[in-house]
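First residue of the sequence shown: 1, per full-length UniProt numbering; consecutive thereafter.
Cβ atoms here follow ideal geometry from the backbone N, Cα and C, with glycine treated the same way.
Only one structure is covered here, and it is reproduced in the block below.
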Amino acid sequence: VNESLCNCVTASLAEWLQVGLPGKGSREMANTVQIKYKAPSFVNVTIDQDCSSVPKRNCEVPHKKSLSINGRLVVKACPKDTSKTKTTVTLNPYGLRDNLTIELEIACQCNCEQEIGSIVPGICHGSGFIQCGICKCQPGSYGNDCRCNGTSTDQRDMEKCKISSEAKLCSGRGICKCGQCECQNGFSGNYCEYDDNSCPKPNDQLCFGHGRCIRGQCTCDLGYSGKDCSCKMDDKDCYAPYSTEVCSGKGQCICGACVCHTKKGKNETYSGVFCDNCDDCVAARCKELGNYAYCNYIHRDNKAICDRDEGSKVSNIIVEFANKSEINGPKLYMATRCMKDLETNNGSVMIFKYRYINRDLKITIQEELESPPIANIWIAVLSAIGLVLLIGILTVIIWKILVDMHDKKEYKKFQDEALAAGYDVSLNPLYQDPSINFSNPVYNNQCT
1 VNESLCNCVT
11 ASLAEWLQVG
21 LPGKGSREMA
31 NTVQIKYKAP
41 SFVNVTIDQD
51 CSSVPKRNCE
61 VPHKKSLSIN
71 GRLVVKACPK
81 DTSKTKTTVT
91 LNPYGLRDNL
101 TIELEIACQC
111 NCEQEIGSIV
121 PGICHGSGFI
131 QCGICKCQPG
141 SYGNDCRCNG
151 TSTDQRDMEK
161 CKISSEAKLC
171 SGRGICKCGQ
181 CECQNGFSGN
191 YCEYDDNSCP
201 KPNDQLCFGH
211 GRCIRGQCTC
221 DLGYSGKDCS
231 CKMDDKDCYA
241 PYSTEVCSGK
251 GQCICGACVC
261 HTKKGKNETY
271 SGVFCDNCDD
281 CVAARCKELG
291 NYAYCNYIHR
301 DNKAICDRDE
311 GSKVSNIIVE
321 FANKSEINGP
331 KLYMATRCMK
341 DLETNNGSVM
351 IFKYRYINRD
361 LKITIQEELE
371 SPPIANIWIA
381 VLSAIGLVLL
391 IGILTVIIWK
401 ILVDMHDKKE
411 YKKFQDEALA
421 AGYDVSLNPL
431 YQDPSINFSN
441 PVYNNQCT
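And the structure:
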């Protein structure tokens with residue numbers, strides 16, 4: 001009986017209650033929000049609550065949570081009774097005395113329409129007056145300038161509706177009134193000669209969905225160009241995530257897509273969505289992403305900290321973590337591997353990989369830090385020692401060469417000065433040979 005009665009009573013709830021359950025039932029009734037409203041017939045009220053993208057008049061709200069309710073008022077038509085242009089719309093939830101009253105004033109007439117002008121010869125062909133900047137025709141007259149009347153069938157007016165003498169009136173796509181064509185929907189032009197559906201339809205969308213077909217040609221929306229409005233003039237899609245260079249500095253942005261340059265000295269071009277697929281691009285890209293990846297490693301549970309000052313550079317970056325076996329597994333085999341030396345962690349190395357999914361950048365960071373290989377340490381040490389020794393040897397050799405050059409220059413100067421003074425620099429007149437030869441007369445019986 002209670003369930004049958006519940007179906008007839010708005011905002012009611014029926015439930016079998018056991019001991020200890022009354023609180024649960026009352027909470028569920030309180031959590032059910034239903035909105036009722038009272039509005040005139042010419043006003044359409046739409047209630048849109050944040051619990052669902054589909055407009056509803058009721059919604060389940062979690063306990064102790066707030067609910068935002070958006071309402072939209074649309075005036076379908078002006079009331080015939082002008083006294084009802086000022087009205088009210090009332091909204092309130094079932095079961096509560098609170099309500100929201102909206103005072104609605106409908107502007108059914110512009111201020112300029114309230115001004116009645118006078119008929120002046122030469123204006124509106126004397127058959128109307130100017131109101132709100134256009135001709136307001138008298139009964140029996142019509143047209144943009146009120147030159148036509150209900151019995152106007154002049155042959156000259158009919159000829160004005162033909163693109164050529166043998167053509168049909170208004171190209172067979174409209175009605176000739178007072179020498180002017182009124183075209184059917186989908187056609188335009190002075191003679192209805194243009195098909196407004198004849199423009200290019202890339203992706204089966206007229207003017208690519210970014211323009212209108214007017215007189216047989218696409219008139220593009222702001223930010224688009226080209227015959228079919230498919231060329232995007234904005235270059236924001238040509239920036240790789242977390243990059244400040246258009247097409248990574250190796251291409252040109254044309255119609256919202258990168259056209260890569262040719263490599264210097266090679267008969268090939270750069271590749272990739274952002275022209276960053278090359279051997280010499282990896283090191284620069286890893287360095288560019290290194291600090292951002294390390295920030296996310298430190299603030300693993302709060303990516304927003306790393307994104308706070310980066311703006312749109314990180315709007316399409318996905319960061320995830322994986323262990324060592326996963327990051328070296330087949331799932332990430334095609335991703336580009338990067339290493340970042342961490343000077344603050346005893347020379348540890350952080351490993352991460354990056355890859356593109358459509359235009360999104362996905363960075364996978366290895367959970368475990370790695371120590372630098374021992375062999376690499378000895379290479380660094382021995383390289384430093386060898387460099388010091390090499391610098392020392394080169395310094396001695398250079399010093400010796402400079403000293404010899406200086407001595408040679410000084411000796412040459414001395415020779416020149418001696419010759420100028422008339423001295424022979426080959427012998428010293430004061431020089432005595434320290435070695436003296438004496439003959440022994442009794443040697444070999446030379447003396448008898």
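Asked, Found
"DSSP beta-bridge partners of Arg-147", "DSSP, once it has assigned bridges, lists no residue as partnering Arg-147."
"Contacting residues, own chain, Cβ-Cβ under 8 Å from Gln-18 (five flanking each side not counted)", "Confidence is the limiting factor: at Gln-18 the pLDDT is only 47, short of 50, which leaves the residue's position unreliable, though a coordinate-based value still follows. If we look at Gln-18 and ignore the five residues flanking it on each side, it has no Cβ neighbours."
"Nonlocal neighbours in the same chain, by C-beta distance under 6 Å from Asp-221, ignoring five residues either side", "His-210 and Gly-211"
"Start-to-end residues for the alpha helix (DSSP H) that takes in Glu-326", "324-327"
"Where Gln-180 falls: helix, strand or coil (DSSP)", "strand"
"Boundaries of the beta strand (DSSP E) in which Cys-258 is found, first to last residue", "257-260"
"Met-339 beta carbon near the ligand SAH (any heavy atom closer than 7 Å)", "Inclusion of the ligand SAH in the displayed structure is not the case, the ligand content being empty and no account of it being possible."
"CB contact flag (Asn-316, Arg-359, <8 Å)", "yes"
"Of the residues Glu-268, Tyr-94, Pro-40 and His-125, the one placed nearest Ser-83, counting alpha carbons only", "Pro-40"
"Cys-135 beta carbon less than 8 Å from that of Cys-170", "no"
"Whole-angstrom distance between Asp-157 and Ser-165, CA atom to CA atom", "13 Å"
"Where Thr-244 falls: helix, strand or coil (DSSP)", "coil"
"Cα-Cα separation between Pro-93 and Cys-229, rounded to whole angstroms", "48 Å"
"As assigned by DSSP and simplified to three states, the class of Cys-137", "strand"
"Beta strand (DSSP E) runs wholly inside the region 299-372, at least 3 long, in chain order", "317-322, 336-342, 348-357 and 360-366"
"Boundaries of the beta strand (DSSP E) in which Pro-93 is found, first to last residue", "86-93"
"Sequence-distant residues of the same chain with beta carbon closer than 6 Å to Val-74, five excluded per side", "Asn-44"
"Rounded straight-line distance, which links the Cα of Cys-207 to that of Cys-213", "7 Å"
"Helix, strand or coil at Val-442 [DSSP, three-state]", "coil"
"Presumed contact (8 Å Cβ cut-off) between Ala-240 and Ser-248, rounded CB distance", "6 Å"
"Classification of Ser-439 by the beta-carbon crowding that lies within 10 angstroms, buried from 16 upward", "exposed"
"Opening and closing residue of the beta strand (DSSP E) in which Glu-105 lies", "100-105"
"Per DSSP, the bridge partner or partners of Arg-72", "Thr-46"
"Cβ pair Tyr-270, Cys-255 closer than 8 Å", "no"
"8 Å Cβ cutoff met for Thr-235 and Cys-253", "Note that residue 235 corresponds to Asp in the displayed sequence, not to Thr. In contact: Asp-235 and Cys-253 (Cβ atoms closer than 8 Å)."
"Supposed close pair Lys-177, Cys-146 - CB separation, criterion 8 Å", "With 8 Å as the limit, Lys-177 and Cys-146 do not qualify as a contact, their Cβ atoms being about 13 Å apart."
"Beta bridge counterpart(s) of Tyr-37 as assigned by DSSP", "Leu-91"
"Whole-Å CB distance - Asp-303 paired with Asn-296, under 8 Å assumed", "Before going further, note that residue 303 is Lys rather than Asp in the sequence given. Indeed they touch by this definition, with Cβ atoms about 6 Å apart."
"Beta-carbon proximity check, Gly-179 vs Lys-160, cutoff 8 Å", "yes"
"Pairwise C-alpha distance: Gly-329 and Ser-52", "A caution first: Ser-52 carries a pLDDT of 45, below 50, which makes its placement in the model unreliable, though a value can still be read off. The straight-line gap from Cα to Cα measures roughly 41 Å."
"CA nearest to the CA of Ala-77, picked from Pro-200, His-125, Gly-133 and Phe-42", "Phe-42"
"Candidates Met-334, Leu-332, Gln-366 and Glu-370: closest to Ser-348 by CA position", "Glu-370"
"Met-350 beta carbon less than 8 Å from that of Ala-293", "yes"
"Where Gly-174 sits in the DSSP three-state scheme", "strand"
"6 Å CB neighbourhood of Thr-262 in its chain, flanking five on each side removed", "Thr-269"
"Three-state secondary structure assigned by DSSP to Ile-214", "strand"
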